[in-house]
Amino acid sequence: MVLARWGLVPFFAKSLADFKGFSTFNARAEGITTAATWRGPVKSRRCLVPVDGFYEWKALDDSRKPKKQPFAISLKTDEPMAFAGLWDAWKEPKLKGESLHTADTWLQSFSIITTEANEIMANIHTRMPVILRQRDWAEWLDRDLEKSPPIHLLRPYDSDEMQLAPCNPMVGNVKNNGAEMLECPAPDTPPLNSA
DNA sequence: CCAGACGTTGTT
DNA sequence: GTCTGG
DNA sequence: CCAGACGTTGTT
DNA sequence: GTCTGG
511 MVLARWGLVP FFAKSLADFK GFSTFNARAE GITTAATWRG PVKSRRCLVP
561 VDGFYEWKAL DDSRKPKKQP FAISLKTDEP MAFAGLWDAW KEPKLKGESL
611 HTADTWLQSF SIITTEANEI MANIHTRMPV ILRQRDWAEW LDRDLEKSPP
661 IHLLRPYDSD EMQLAPCNPM VGNVKNNGAE MLECPAPDTP PLNSA
């Protein structure tokens, strides 16, 4: 198990600056074998991403202004789960004349794969991460290049085994972290200054 | 041929 | 690195 | 994705 | 409204 940067940087990127603003947090399962950024990784650099759960926002369109309610999503068993992921390795291209003996530092990065929402997720969103069952982990990680990638595993998880709970809107700000993100404040509490 | 892209989600 | 668009 | 910025001159 | 940063 390794730590890696979320947001896959393809091996062919010329510089990290060029890649700034490019969204590779998610890889759509549809077309994943042909997309330039994903086809190499899906062939030979598949990984699992362990998580306790994840958040997704539901757009509430019952008011003029679009508002969002975040939900925390997990397995009913509260066990951790494994997202299907892809990884790559990138290093700054060597300039001409640059010593071949300078230390290479490789950036390890990954993306998670998304698929269409299952029934329970469709209540709040159109997409969801691909979650793999333990019995499928070995097949997903198999590095035998003679075999074609097991893309049949890239489908929505069983709704009956998942649970959603409204959670703390503070989670919408990336600076906020911690268990209290899972706690939903009393619903429909008007803002104190709304009088 | 060379230059430029190479990706996703959501929202209207 | 490899494909697409001009 | 959501939150937060969105600007200039001059000074250190 | 739209872009940037986290």
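Just so we're aligned, residue 511 is where the first sequence starts under the numbering used here, counting upward by one. Glycine is no exception: its CB is placed at the ideal position from the N, C-alpha and C atoms. Please read all numbers here as calculations on a predicted model, not as lab measurements.
In the structure shown, the three-state DSSP call for residue 688 is coil. When the beta-carbon positions are compared, residue 675 and residue 582 come within less than 8 angstroms of each other.
The beta-carbon distance between residue 679 and residue 598, rounded to whole angstroms, is 34 angstroms. This is too long to meet the 8 angstroms contact definition. Residue environment analysis places residue 533 among the exposed positions, since fewer than 16 neighbouring C-beta atoms fall within 10 angstroms of its C-beta. Per DSSP, the continuous beta strand (DSSP E) segment holding residue 600 begins and ends at 591-600.
In the three-state scheme derived from DSSP, where H, G and I count as helix and E and B as strand, residue 679 is classed as helix. Annotation: the continuous beta strand (DSSP E) that includes residue 626 extends over 617-626.
Note: residue 696 is not bridge-paired with any residue in the DSSP secondary-structure output.
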